[in-house]
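Q:
Residue numbers (the numbering used here), protein chains in the order written: chain G, 29 to 354; chain L, 9 to 336.
(1) Check the C-beta distance from residue 172 of chain G over to residue 153 of chain L and give it rounded, since I have them as a contact under 8 angstroms.
(2) Rounded to the nearest angstrom, what separates residue 71 of chain L and residue 244 of chain L at their Cα positions?
(3) Sorted by chain position, which residues of the same chain lie with C-beta nearer than 6 angstroms to residue 3 of chain L's C-beta, five sequence neighbours on each side aside?
(4) Could you pull the start and end residues of the alpha helix (DSSP H) that residue 218 of chain L belongs to?
(5) Does the CB of residue 312 of chain L have a neighbour CB from chain G at under 8 angstroms?
(6) Reducing DSSP to helix, strand and coil, say where residue 187 of chain G ends up.
(7) With three or more beta-carbon pairs closer than 8 angstroms as the criterion, would you say the region 125-133 of chain L touches the region 142-151 of chain L?
(8) Residue 139 of chain L versus chain G: which residues are under 8 angstroms apart at the beta carbon?
(9) Would you tell me roughly how many angstroms separate the C-alpha atoms of residue 123 of chain L and residue 78 of chain L, rounded to the nearest one?
(10) How many whole angstroms separate the CB atoms of residue 293 of chain L and residue 35 of chain L, which I take to be in contact at a CB cut-off of 8 angstroms?
(11) Just the Cα atoms here: how many angstroms apart are residue 318 of chain G and residue 162 of chain L?
(12) What does DSSP give as the partner residues of residue 167 of chain L in its beta bridges?
(13) What is the DSSP secondary structure of residue 181 of chain L, counted as helix, strand or coil?
(14) Please list, in chain order, the chain L residues whose beta carbon lies closer than 7 angstroms to that of residue 296 of chain G.
(15) Could you tell me which of G/110, G/153, G/133 and G/135 sits nearest to residue 125 of chain G, measuring between CA atoms?
(16) For residue 111 of chain G, go through chain L and note every residue whose CB falls closer than 8 angstroms to its CB, in chain order.
(17) Going by beta carbon distance, what residues of the same chain come within less than 8 angstroms of residue 10 of chain L, once the five residues before and after it are set aside?
(18) Compute the Euclidean distance between the alpha carbons of residue 43 of chain G and residue 272 of chain G, then round it to the nearest angstrom.
(19) Give the range of the alpha helix (DSSP H) segment to which residue 58 of chain G is assigned.
(20) I'd like the span of the alpha helix (DSSP H) that includes residue 158 of chain L, first residue to last.
(21) Name the chain G residues that come within less than 9 angstroms of residue 112 of chain L, Cβ to Cβ?
(22) Taking DSSP as the reference, what is the three-state secondary structure of residue 265 of chain G?
(23) My output table needs one value for residue 248 of chain L: the three-state DSSP class, helix, strand or coil.
(24) Which chain G residues sit within Cβ distance under 8 angstroms of residue 288 of chain L?
(25) Would you say the beta carbon of residue 86 of chain L comes nearer than 7 angstroms to a heavy atom of the ligand HEM?
(26) Give me the residue from G/113, G/39, G/136 and G/62 with the minimum Cα distance to residue 251 of chain G.
(27) So residue 330 of chain G contacts chain L; which residues on that side make the cut at Cβ distance below 8 angstroms?
(28) Could you name the residues that DSSP lists as bridge partners for residue 273 of chain L?
(29) Counting only C-beta atoms, is residue 301 of chain L closer than 8 angstroms to chain G at any point?
(30) Are the CB atoms of residue 269 of chain G and residue 103 of chain G nearer to each other than 8 angstroms?
(31) Please look up how many angstroms separate the CB atoms of residue 340 of chain G and residue 285 of chain G, rounded, as I've assumed it's under 8 angstroms.
(32) Within its chain, find whatever has a CB closer than 8 angstroms to the CB of residue 214 of chain G; leave out the 5 residues flanking it on each side and keep chain order.
(33) Measure the C-alpha to C-alpha separation of residue 192 of chain G and residue 64 of chain G and round it to an integer number of angstroms.
(34) Under 8 angstroms Cβ-Cβ, which residues of chain G neighbour residue 315 of chain L?
(35) Counting only beta-carbon atoms, is residue 74 of chain L nearer than 8 angstroms to chain G?
(36) Rounded to the nearest angstrom, how far is the Cβ of residue 278 of chain G from that of residue 79 of chain G, given a contact under 8 angstroms?
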């Protein structure tokens, strides 16, 4: 096989997600009353980027064959924290941003430490730590409120040169600074190897513990970046349980749409980003076609159900029935 | 601590303690500890009326956790509990609005809706081989969507039938609330199924190694499907009871039952990886969780503090005895 065919096989999920997104977005903009304008793109990207960050966070953990059901709560917690800290003069704001990101990193590291060194199951652990993070968020913001440095917020949610949405540029920057170095580093390869076959990776001397720990910690960081952007968009902090749960759920949907295998070891955060953008666009399609907003949760649920069922097609390729039972 | 000292200590204990699972013993020890802490806060904490009231509240969680335990024994998980509970409650209340026949069929209809959700889960897990935590999250979202469309996003106006209220709040046997009797019956049935029937042995077998169970000639997929259907039905029945207790259904009434039901099963010593665990442990876990909630509300802890303590306690107890073996 030629090199490009290997590349194609590796990137198939990502390319599929990209294709779905392009199709959905074309339908969306062509039916939007305002058409394909900078404003429409900016609004869409601002909404999509939030889920994209959380989906990236989920990807990192899913790659290690784990799952993080606390991403939505880390997202809420950092949102509430940012509504206190990211304010004031330039230096104060900068410290606030660092503190918020550090908190996210810490939350992720706690998850990782419990799962890896405490040897507990990721599902139960992250449900429990999610409850803790939500509790802290509620302590910080019993009622919605707070404020944010509006200059910074407007700069990051506006448009560069009047055309390019700044939030998309920020997303790209995060991909380049966090995802690309991680996926190419030893730790990143270890995370993939641990997800693919933990036993084989362990026997080969791959630093699976460090790799998994880095994945969990960076997931917390990415969720915190998402929470920071939520604050920039809304100017407030709010500990809404339903919203945190929804983001966790949608992040899983985005990851699946983005071609990341839930069994671990396969997929990329780029795919998850397109999965997230596609998922958001599907939700927005309802508004363009004037559906009752009441139908939106059902519609999103059905999309999620179909997306996760698509994985079942792999069963047709199974020759030995014992491969059903992984 | 080495194995020999544990065995040495255990060897000197009476037989029934020696045979018991250390996790179950720890859970019961924690219950005693919680009762002690509670009695420091309030004199009435140890009164029979209060304890009976706690048992009644625990029975709703107990019914839901029973279904969850069956699924966890298979090595799977059911995250569709929140909206299975709400769907059961709402559909039972909704049926009550359709004349006398609807009133008569309210409870079976609510349970039936839960079983339907469970069957979708079961087909996804057993036949389509989708990871259970994913497919159950998805069906949870679909059930939520259906209920939002049905109710228009508000709590439904229909109220619970008299039969539902009687089951949840009535007292048929003097001194024992009906809800506790129901939990006892369901628990007894579960113990019987798990320990005395082929189905129960199969559940443990699949939890240990599905491949081996399949090679032994068991239709493992059918067993998984049935287990998920039972879990959905019991969640919905829990919802029906809750609706009877509050006399109506509410939008997010099930949200408060997902973490507690998993926690109760896991704290009771059932391995989250499947194949190991006893119903006695689940009973201990349910009572433990209910007492913890009760103490936190007696201490007038705000919601935020409750969530934090709750999560910390669960992680701490799991670290005590729920750890997976080291990969060496």
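Beta carbons: idealized from backbone N, C-alpha and C, even for Gly.
Computed from a predicted structure; not experimentally measured.
A: A quick look at the data gives this:
(1) Here residue 172 of chain G refers to the residue found at position 144 of the first chain. Here residue 153 of chain L refers to the residue found at position 145 of the second chain. The pair is not a contact, with the Cβ atoms about 25 angstroms apart (cut-off 8 angstroms).
(2) As a working note, residue 71 of chain L is residue 63 in the second chain. As a working note, residue 244 of chain L is residue 236 in the second chain. Rounded to the nearest angstrom, the two C-alpha atoms are 10 angstroms apart.
(3) Residue 3 of chain L falls outside the range modelled here, since chain L spans only 9 to 336, and no answer is possible.
(4) To locate residue 218 of chain L, count along the second chain from 1; it is residue 210. Unbroken alpha helix (DSSP H) run through residue 218 of chain L: 218-223.
(5) Residue numbering aside, residue 312 of chain L sits at position 304 when the second chain is read from its first letter. Using beta-carbon distances, residue 312 of chain L counts as an interface residue toward chain G, with a partner under 8 angstroms.
(6) The residue you call residue 187 of chain G lines up with position 159 of the first chain. Reduced to three states, the DSSP call for residue 187 of chain G is strand.
(7) A contact exists between the region 125-133 of chain L and the region 142-151 of chain L.
(8) Residue numbering aside, residue 139 of chain L sits at position 131 when the second chain is read from its first letter. Among the residues of chain G, those whose CB is under 8 angstroms from the CB of residue 139 of chain L are 290 and 291, following chain order.
(9) Reading the second chain from its first residue, position 115 is the one you call residue 123 of chain L. Reading the second chain from its first residue, position 70 is the one you call residue 78 of chain L. When rounded, the distance between both Cα atoms is 14 angstroms.
(10) Looking up residue 293 of chain L in the second chain gives position 285. Looking up residue 35 of chain L in the second chain gives position 27. Their Cβ separation, rounded to whole angstroms, is 6 angstroms, which keeps residue 293 of chain L and residue 35 of chain L in contact under 8 angstroms.
(11) Here residue 318 of chain G is taken as the residue at index 290 of the first chain, counted from 1. Here residue 162 of chain L is taken as the residue at index 154 of the second chain, counted from 1. If you take the alpha carbons of residue 318 of chain G and residue 162 of chain L, they lie about 21 angstroms apart.
(12) Your numbering for residue 167 of chain L matches position 159 in the second chain. Its beta-bridge partners are L/256.
(13) As a position in the second chain, residue 181 of chain L is number 173, starting the count at 1. Looking at residue 181 of chain L - three-state DSSP - the assignment turns out to be strand.
(14) In the first chain, the residue the question calls residue 296 of chain G occupies position 268. Per Cβ cutoff of 7 angstroms: no residues; residue 296 of chain G is ~19 angstroms from chain L at best.
(15) One-based indexing of the first chain puts residue 125 of chain G at position 97. Of the listed residues, the one whose Cα sits closest to residue 125 of chain G is G/110.
(16) Looking up residue 111 of chain G in the first chain gives position 83. Within chain L, no residue comes near residue 111 of chain G; the closest Cβ sits about 16 angstroms away, beyond 8 angstroms.
(17) For this step, residue 10 of chain L is matched to residue 2 along the second chain. Because residue 10 of chain L sits at a pLDDT of 45, beneath the cut-off of 50, its placement in the model cannot be relied upon, and the point is left open.
(18) The residue given as residue 43 of chain G occupies position 15 in the first chain. The residue given as residue 272 of chain G occupies position 244 in the first chain. Going from the Cα of residue 43 of chain G to the Cα of residue 272 of chain G covers about 29 angstroms.
(19) The residue labelled residue 58 of chain G in the question sits at position 30 within the first chain. Looking at the DSSP string, the run of the alpha helix (DSSP H) that includes residue 58 of chain G is 40-59.
(20) Indexing the second chain from 1 puts residue 158 of chain L at position 150. From DSSP, the alpha helix (DSSP H) with residue 158 of chain L extends over 140-159.
(21) For this step, residue 112 of chain L is matched to residue 104 along the second chain. None at all; the shortest Cβ gap to chain G is about 29 angstroms.
(22) The sequence position of residue 265 of chain G within the first chain is 237, counting from 1. Strand at residue 265 of chain G.
(23) In the second chain, counting from the first residue as 1, residue 248 of chain L sits at position 240. Residue 248 of chain L: helix per DSSP, three-state reduction.
(24) As a position in the second chain, residue 288 of chain L is number 280, starting the count at 1. Per Cβ cutoff of 8 angstroms: no residues; residue 288 of chain L is ~20 angstroms from chain G at best.
(25) Only the bare structure without any ligand can be found here, which leaves the ligand HEM out of the picture.
(26) As a position in the first chain, residue 251 of chain G is number 223, starting the count at 1. Taking only the C-alpha atoms, the option nearest residue 251 of chain G is G/136.
(27) Within the first chain, the letter at position 302 stands for residue 330 of chain G. Result: 150 and 153.
(28) Here the question's residue 273 of chain L lines up with position 265 in the second chain. DSSP, once it has assigned bridges, lists no residue as partnering residue 273 of chain L.
(29) As a position in the second chain, residue 301 of chain L is number 293, starting the count at 1. So no, residue 301 of chain L is outside the interface.
(30) The residue given as residue 269 of chain G occupies position 241 in the first chain. The residue given as residue 103 of chain G occupies position 75 in the first chain. No.
(31) The sequence position of residue 340 of chain G within the first chain is 312, counting from 1. The sequence position of residue 285 of chain G within the first chain is 257, counting from 1. A Cβ-Cβ separation of about 15 angstroms leaves residue 340 of chain G out of contact with residue 285 of chain G under the 8 angstroms criterion.
(32) Working through the first chain from its first residue, we reach residue 214 of chain G at position 186. Counting only Cβ-Cβ distances below 8 angstroms, and skipping sequence neighbours, we find 235 and 239.
(33) What you label residue 192 of chain G is simply residue 164 of the first chain in a count that begins at 1. What you label residue 64 of chain G is simply residue 36 of the first chain in a count that begins at 1. So the alpha carbons of these two residues sit roughly 13 angstroms apart.
(34) Counting from one through the second chain, the residue named residue 315 of chain L turns up at place 307. 159, 160, 162, 163 and 166, listed in chain order.
(35) Numbered from its first residue, the second chain carries residue 74 of chain L at position 66. So, not an interface residue.
(36) Working through the first chain from its first residue, we reach residue 278 of chain G at position 250. Working through the first chain from its first residue, we reach residue 79 of chain G at position 51. So it is a contact: roughly 6 angstroms between Cβ atoms.
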